[in-house]
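Numbering (the working numbering), first residue to last: 56 to 456.
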């Protein structure tokens, strides 16, 4: 199955199978043939959004190929162009002049995309003009001291004039199944066949580029933190363990600020065992816990993500996330910072009649850990209790699907 059609079939490569049916008459044969021509079904009938688009490896390659520092010699330029559209040559391929003349003739990655765009469009049609945005934002690049935040002609602005890609990156927003992408524009302007040819050309181009010119891998350095980030994280976690639960209970039960641990546990036990410990009190306590924990969690995330051992674009995990190829900021946070509050049906893990959330905690313990807060990351490791809470939340997701 071609990568571009994975979304159409809701398919991935974790053991998916397809069934074969043999049509028994001409009517069913015609219907099956029509349904199997995938480029005929470029848009979702539900809302008209694109269904066909490149994913994962191709998105990484497209983003990397069109970055400003990517240049190729003549032989490499011609090889990449021929590999993408040479086998489909209906007419002469128009090569572009080099963008750098001295001291050596070089072609940019954007020119390779431009060559493909100009070739795929029908000969008698006007070339594409487009002003759009990449998925990557200016915030993705680390800011340098004294640098201005001028967006003018940044690589986040995709500008195509007369079929030439002048600025911007071909990331998920333009080679994926995205509304108003370059591929979607080709579908609307030149028809479904041209859009299919463009997706095929891009997939061949990006595959060759990734295999022979770029390569891509994730390493431990992509999730490591610098020493200042590690020490800051440790300090805030210690503060959270000491203060978050206390602050939440004091706010819920209006106890004095100088109340000791035993007083707070007694208040908690009294409230939990009384008939008045209803849904309202439980919700209020959960909300106070979340508010208190979020303050510490946001501090950790903000400081840790700016103290990664490698920053974008050298950090390949961030490259995956920012380009839209795979993953989210939450995944990166769980690897490097902390897993955060685990929830079941929108609430913290429930307490048993014994006053514990797990047998390993004391009765009526009010620490964030006992309420499902995981302050460990996948890099630092998590405790058995934290792992159990994480599995509880994961099992809920499995049940839903």
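Cβ coordinates follow ideal geometry from the N, Cα and C atoms, glycine included.
Keep in mind that this is a model prediction, so the values were computed, not measured.
Just list the residues that DSSP pairs residue i with in beta bridges.
| i | result |
| --- | --- |
| residue 188 | 212 |
| residue 219 | 216 |
| residue 176 | Paired residues: none, contrary to the question. |
| residue 126 | 163 |
| residue 147 | Per DSSP, none; premise fails for residue 147. |
| residue 396 | 428 |
| residue 105 | 98 |
Ends of the alpha helix (DSSP H) at residue i?
| i | result |
| --- | --- |
| residue 238 | 237 to 245 |
| residue 70 | No alpha helix (DSSP H) contains residue 70, which DSSP labels as neither H nor E. |
| residue 301 | 282 to 308 |
| residue 446 | 439 to 455 |
| residue 138 | 129 to 140 |
| residue 63 | 61 to 64 |
| residue 277 | Taken as a continuous stretch (DSSP letters only), residue 277 belongs to no alpha helix (DSSP H), as it is neither H nor E. |
| residue 85 | 81 to 91 |
| residue 328 | 316 to 328 |
Once you ignore the five residues that flank residue i on each side, which residues in its own chain have a CB closer than 8 angstroms to its CB?
| i | result |
| --- | --- |
| residue 391 | 278, 279, 280, 359, 360, 363, 432, 434 |
| residue 62 | 106, 107, 108, 110, 232 |
| residue 141 | 148 |
Classify residue i as helix, strand or coil using the three-state DSSP reduction.
| i | result |
| --- | --- |
| residue 99 | coil |
| residue 389 | helix |
| residue 382 | coil |
| residue 355 | helix |
| residue 402 | strand |
| residue 110 | coil |
| residue 225 | coil |
| residue 434 | coil |
| residue 363 | strand |
| residue 155 | strand |
| residue 415 | coil |
| residue 233 | coil |
| residue 193 | helix |
| residue 370 | coil |
Buried or exposed, going by whether 16 or more other CB atoms sit within 10 Å of the CB of residue i?
| i | result |
| --- | --- |
| residue 322 | buried |
| residue 319 | buried |
| residue 105 | buried |
| residue 158 | exposed |
| residue 412 | buried |
| residue 406 | buried |
| residue 378 | buried |
| residue 75 | exposed |
| residue 71 | exposed |
| residue 420 | buried |
| residue 154 | exposed |
| residue 130 | exposed |
| residue 370 | buried |
| residue 119 | buried |
| residue 264 | buried |
| residue 404 | buried |
| residue 328 | exposed |
Apart from the five residues on each side of it in sequence, which residues of its chain come closer than 7 angstroms, Cβ to Cβ, to residue i?
| i | result |
| --- | --- |
| residue 429 | 393, 394, 395, 397, 437, 441, 444, 445 |
| residue 402 | 341 |
| residue 308 | 322, 326 |
| residue 448 | 397, 398, 399 |
| residue 123 | 210 |
| residue 273 | 371, 372 |
| residue 382 | 375, 376 |
Ordered along the chain, which non-local residues of its own chain (more than five positions away) have a Cβ less than 6 angstroms from that of residue i?
| i | result |
| --- | --- |
| residue 189 | 211, 213, 223, 224, 226, 228 |
| residue 374 | 368 |
| residue 132 | 162 |
| residue 86 | none |
| residue 306 | 343 |
| residue 99 | 106 |
| residue 139 | 171, 256, 259, 260 |
Is residue i near the ligand GDP, judged by its Cβ being under 6 angstroms from some heavy atom?
| i | result |
| --- | --- |
| residue 59 | Because no ligand of any kind appears in the structure shown, any question about the ligand GDP cannot be addressed here. |
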